[in-house]
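Residue numbers (UniProt numbering), protein chains in the order written: chain A, 1 to 421; chain B, 1 to 247; chain C, 1 to 305; chain D, 1 to 387. The beta carbon of each residue, even a glycine, is placed where N, CA and C say it ideally should be. Keep in mind that this is a model prediction, so the values were computed, not measured.
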Amino acid sequence: MSHDDQNESGMPSALRRKLLMGLAAAPALAVSGIARAQQFPTAKVNTTHLAVTDTEVTVGQLHSATGTMAISETGSIQAERLAIEQINAAGGILGRKIKVIQEDGASDWPTFAEKSKKLLENDHVAAVFGCWTSASRKAVLPIFERDNGLLYYPTFYEGLEQSHNVFYTGQEATQQILWGLNWANQTKKAKSFFLIGSDYIWPRTSNKIARKHIEQHLSGCKVVGEEYYPLGTTNFNSLINKIKIAKPDCIYAIIVGGSNVAFYKQLKAAGITADKQFLLTISVTEDEVLGIGGENFAGFYSAMKYFESLENDNNKKFVAAFKAKYGPKSVIGDVTQAAYLGPWLWKAAVEKAGSFDVDKVVAASPGIELKSAPEGYVKIHANHHLWSRTRIGQAQADGQFKVVAESPDLIEPNPFPKGYQ
Amino acid sequence: MSNTDFVLAVEELSVSFDGFKAIDSLNLYVDRGELRVVIGPNGAGKTTLLDLICGKTRATQGSIKFRNEEMTQLPEFRRVRKGIGRKFQTPSIYENLSVFQNLEVSFPRGRGVFGALAFRRTDDVMDRVRSVAGEIGLAGQFDLEAGLLSHGQKQWLEIGMLLMQEPELLMLDEPIAGMSVREREITAELLKRICQNRSMIVIEHDMAFVEQIAHKVTVMHQGKILAEGAMEQVQNDPRVIDVYLGH
Amino acid sequence: MSASDILNITLMQGFAGLSLFSVLLLMGLGLAVIFGQMGVINMAHGEFMTIGAYTIYMFSQLADNYWHGFAPVYFPLAICAAFALAFAAGWVAEWALIRHLYRRPLDTLLATWGLSLGMQQVFRSVFGPKEVSPTLPDWLMGSWSPKPGLDIPINGLFVMSLAVLMTGGVLLALYRSRWGLRVRATVANRQMANAAGIDTRKTDRLTFAIGCGMAGVAGAAFTAIGSTGPTSGSLYIVDSFLVVTFGGAASLLGTVASAFGIAQMQSISEFFMTGSSARVVTLLTIVIVLMLRPQGLFASKVRRA
Amino acid sequence: MDPLNPSAGVPASPDRAAARAGLRPAPWRWLTTDGYGSLAVLAALILVVFPLALDVFRLNLMGKYLTYAFVAVGLVMAWGYGGVLSLGQGVFFGLGGYCMAMFLKLEASDPVSTKIQSTPGIPDFMDWNQLTALPFWWKPFHSLPFALAAVVVVPCALAFVVGFAMFKRRVGGVYFAIITQAVALILSVLIIGQQGYTGGVNGITDLRTLLGWDIRGDGAKLILYFVNAVLLLVAILCCRQIQRSKLGTLLLAMRDKEDRVRFSGYDVAMFKVFAFCVAAVLAAIGGAMFTLQVGFMSPSFVGIVPSIEMVIYAAVGGRMSLVGAVYGAVLVNLGKTWFSESFPNLWLFLMAALFIGVVMAFPNGLAGLYDSHVKPWLARRGARSAS
């Protein structure tokens, strides 16, 4: 392993210094790596013509580096890079270094489809870490299923999906929504809810689930409004007035992209601030706050499984490494962390399966635990989603979240929630 | 409205642009086979009159009867199909097409979209193109790109394009502007020949030329008709003299 | 719901309409000058707005990091800077690109579209792909509440007054200044203007640059109500064009009127149906009107030469 | 204007080439940008060379590019010849694609394979949006003939309505461009908003079979590629016939002296409408072929951005050259793919440079370069061999 690799690698600085001082450590690692490689001959670990050599395994990374979605997907790109470098620094997988082919989906679903084809049929990558929007995932899904590829998808999403070829490292809707609503109802005594969202599948499906839950499972609660605005809308004054009429206990917001910023700025300007109004969202992470501006979002609540401010050792290491690599100003949102899990979950599964073959990896995955996850502890469910906790964070003026509540135990993923469809 | 046997009967015609009356309740009658010349100082409304007749401009009020048929509501291309041809002041031909194509395109068949698709270069087309080309003295230059013709030839070509359509009424706006003396004579001859079996309205300033060709002269001034009649009679009309010399 | 509530809502909804009106007007003005007066389609209009937005960001960074007393007052300064920067960029663009393409409007359209792509990538390389948020002075982000239940957004008021100022400015400039005279002369008849000793090339460049500068101001103002990112400009471009064409490219008053019309249509329909359907209704109305009155609401009727 | 140097207007030289060609075939005629020779070269390229040179993946990619070529060819007719620039071709591409996709989706969502849904037998996205029955206007799309007819008729009808309303009122150029843009915007907002009926942002995905024939297999891809290629060549031939006809000459004439044409008794508006409709239909066919080869359709084609990108294909190829348009579409997309693979952060600059460069330096695109450089050389060769 070369010198720069170590500098590149986002290992906690203490550990890195140690390695830098005694380069002896590096060869040692490498040697053990080769040893393991011989222990797992390529012929055995790769029976399906994947891009696996005695020293290397190639994976793909497919996100939007350009276009409107780059705003959101950059964090995921960085986190996956970090994870892969750390894995390599620790000797790789089955003694093989991970080589990454990065493709740009350019915020354009057809391009995502094209690039995923390229990664699977041309480069024969062993796994792909990528996609962010549901639309891009829907576009690549048939390709992954046909070519029997392996996709690790980081974003919290609407659910209603479960594929042999995809692992969902973010939360599906019910995990993110239900517990949060219960909390709003019990702790915040919210009885009337106003649901708003950008006009596409994730917000609509999520609000559908929320509405069902509010009306059927929360006694005496009702939905006093449900509104959708086209993606990219920059004027919300009318909506805000509707909210003022409805006077809900809780605004439940699922707005994304540039609209997000406009909405919260105008909300504040209209006098709807955290001290007067309780607002719970599932679409604002530390990344979005960058754009909205901490002072404009302070006091509102976000329901996520991860916040940068989480107090645990895994997270401290992770945050330190991330900032060491991407600068002290960089922030880490829920999806970024979920993206970071991808490579590690894959590593664990491959090593359990003792093979890179997709079917074996998939078969080995259910039940795999990740005790080192920044968000704490996660476990892969048979339905390819993760058991995870849900937290409520209250936004601070500095753009960070203060965790005010946390689900007592892991929430089971339930992508096809009965009674919610 | 009077029922007339005139080819063209313009009655009480007016048009105003943002209040300014370019043509003011004007009456004009043109006989079959007549070659009428319209003269008058600049801004008298001569060109506007032609614009109104061919439909380039819409009349504010009044009627334009062509062969006893009201034209004011018809779009340009319909009026053309009825038999009104109009030549513009500056030679308006298809610079990028060959002389032949310029004439062929003007042949009055296949004028609808699908007609144009189905149009074939049949003998009658060729004959017509040849005869017209001969008429305007461009028989030798079929393949020449029209843009390369001399100014005079361009004028003739445009006249030729109109002849292809065999219009009942042919309107020419200053056909000899910028022509050499020789070219003017040829043009005069040409006009005399082609007005045999059709009526014509010609706008012209060059009095010598007007004298050569005009059957009847109409003098316009400030959107109205000032005088009308034979050349010498008009020339001696004090009001006309006043208009031309007075200022 | 009490009568006073209804009154408040009506007032605030009316205000919503007005503030959308001023937003659209700010978007449209710069374009109205460029497109309306010069007939040039500037597809990069949105990106010139983004220049303004990032200018605000840079100033706010200065304020945050170096000079804290600066924070409350930097905004007006930054807006002037935004105008200056966008103006400069516009000047360069005209010199490098536009001037070669007069008489070829459709090609200008393509070229400026290319320009906008390039500018987006520049923003991305300089400021990073993520959105940024300038820390705005507190006096701008609050709301003015004359009586309980009635909150008037101050940033709305700000945008509104800015819109009024700029419209007034443009009208004055066009109809009272040498530049305006030159512009109108050039629009009316280029050759004549040349003959009359007007340097039309310089006039064009100035006009284009001024239009871009105004876009910059608009973009700067929108940091108070919208997002700032490499692709923020694309959120505005279409609306800007609709405003200008709907109003009738030739007349500034048309732009004002159409901005008002569209804004009211939008905000009223938004109030009575969901946002998406409101959007569609508005757009459809615009297109249908444009089909019936292709030259826009305020087309000046002249003899077709 | 100096008669020796007619109209410095952009596409002059190809016009003249075409015009002269109409009468006197030059010795090198067979290889002009619109001669049969160049068409033969193109045919050889896409029917023989590509299939032999490219693996199935790349070939399928090429097939996708060739679907864009339909749009580009259409734009040559509407923009190059008709003189009307539409910034809404994505609308027609999308409509064509959606008509095809609706049929395929219905076939893909038979009750068996959708049994996990709360309402089996309807497309999955409808189920997610609590639709419990197929909307009436989806029902006819159970029939392939209807779907195919719709692919052509729906876009053509829309183009006719828009075109007729505009051109009859003498709206052209910029205004037309902007209005077509607005139409594109409306349609994409509609599609995204009405996701219960359209699939929303995701579009209509996961299309599998055409009358039971799996369109995802390599064999199918190969066949579809050839179908697409042949259709494209046929389309080009048809357009060439239109250009050669009197209508083509008239379109050229209109771009030069519209009034003259009008006062020769032609209804100019209808000719423009026709050109626009042709462009629309071609775009729609491209869209349908796209759906078949890529396996899904999404609103991201309908919007403004893709529509403008489609214009650049024609511009690069040469707005007057049908064959050139194909090369334009293919090259731009190749460049896009290659650049975004090699330098993800540079390809926007490339696109920018392409737009600006083509407009400023090569207004007639590749075809223009060919006409101004290669052809004269061929001419000299031809002349020498003749003597």
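Distance from L181/A to N165/A at the Cβ level is roughly 32 Å; contact not present, criterion being Cβ atoms closer than 8 Å.
By the Cβ rule, the segment 38 to 47 of chain D does not count as touching the segment 195 to 202 of chain D, because fewer than three pairs are nearer than 8 Å. Contact annotation: the segment 330 to 337 of chain A does not touch the segment 170 to 180 of chain C, with fewer than three C-beta pairs closer than 8 Å. For F6/B, the three-state secondary structure derived from DSSP is coil. Between E80/A and P343/A the beta-carbon gap is near 6 Å, inside 8 Å, which marks them as a contact. Distance check between G216/C and each of I286/C, T10/C, A89/C and S227/C places A89/C closest, using alpha-carbon atoms only. Residue environment analysis places G62/B among the buried positions, since at least 16 neighbouring C-beta atoms fall within 10 angstroms of its C-beta.
Just measuring C-alpha positions, the residue of Q176/A, I209/A, Q102/A and N46/A sitting nearest G60/A is Q102/A.
Among the CB atoms of chain D, one or more fall inside 8 Å of the CB of G110/B. The segment 63 to 72 of chain A and the segment 306 to 314 of chain A do not touch, with fewer than three beta-carbon pairs separated by less than 8 Å.
For the 8 Å CB-CB criterion, R184/B and I176/B form a contact.
Taken through DSSP and simplified to helix, strand or coil, Y153/A comes out as strand. The segment 360 to 368 of chain A and the segment 390 to 402 of chain A do not touch, with fewer than three beta-carbon pairs separated by less than 8 Å. Burial is judged here by how many other beta carbons sit within 10 angstroms of a residue's own beta carbon; R128/B has at least 16 and is buried. Ranked by how close their Cα comes to the Cα of I186/D, the residues G197/A, F156/A, I214/A and P230/A have P230/A in first place. The beta carbons of L348/D and Q121/C sit about 4 Å from each other, so the pair counts as a contact at 8 Å.
When 7 Å is used as the limit between beta carbons, A116/B is near these residues of chain D: S245, K246, L247 and L250, in chain order.
Looking at the DSSP output, S63/B sits in a beta bridge with E11/B. What Y229/A touches in chain C, judged by beta-carbon distance under 7 Å, is G275 and S276, going in chain order. Apart from sequence neighbours up to five positions away, the residues of its chain that approach F141/D with a beta-carbon distance below 8 Å are C99, M102, F103, L106, A147 and A150, ordered along the chain. Listed along the chain, the chain D residues whose CB falls inside 8 Å of the CB of C195/B amount to none; the nearest CB is some 19 Å away. When DSSP states are grouped into helix, strand and coil, G225/A belongs to the strand group. Within the same chain, G178 come within 6 Å of H151/B by CB-CB distance, once the 5 residues on both sides are set aside.
Burial state of Q155/B is buried, judged by a 10 Å Cβ sphere holding 16 or more other Cβ atoms. The beta-carbon of I225/C is placed less than 8 Å from the nearest beta-carbon of chain A. Closer than 8 Å to the CB of S300/D there is at least one CB belonging to chain A. Within chain A, the residues P110 and A113 have their CB atoms less than 7 Å from the CB of V294/D, given in chain order. Here L224/D has G63, I215, M289, L292 and Q293 as same chain residues with Cβ atoms under 8 Å from its own Cβ, once five neighbours each way along the sequence are excluded. Scanning the segment 224 to 281 of chain A from its first residue to its last, the whole beta strand (DSSP E) runs of 3-plus residues come out as 250 to 254 and 278 to 281. When Cβ-Cβ separations below 8 Å define contact, F355/D makes contact with chain C. DSSP, reduced to helix, strand and coil, places V201/D within a helical segment of the structure shown.
Assignment of M43/C by DSSP, reduced to helix, strand and coil, places it in the coil class. S125/C sits in a helix when the DSSP states are folded into three classes. Note that the C-beta distance between I251/A and I243/A is below 8 Å.
For M141/C, the chain A residues whose Cβ falls inside 8 Å of its Cβ are K265, K268, A269, E295 and N296, in order along the chain. For the segment 88 to 100 of chain B, residues whose beta-carbon sits nearer than 8 Å to a beta-carbon of chain D comprise F88, S92, I93, Y94, E95, N96, L97, S98 and F100.
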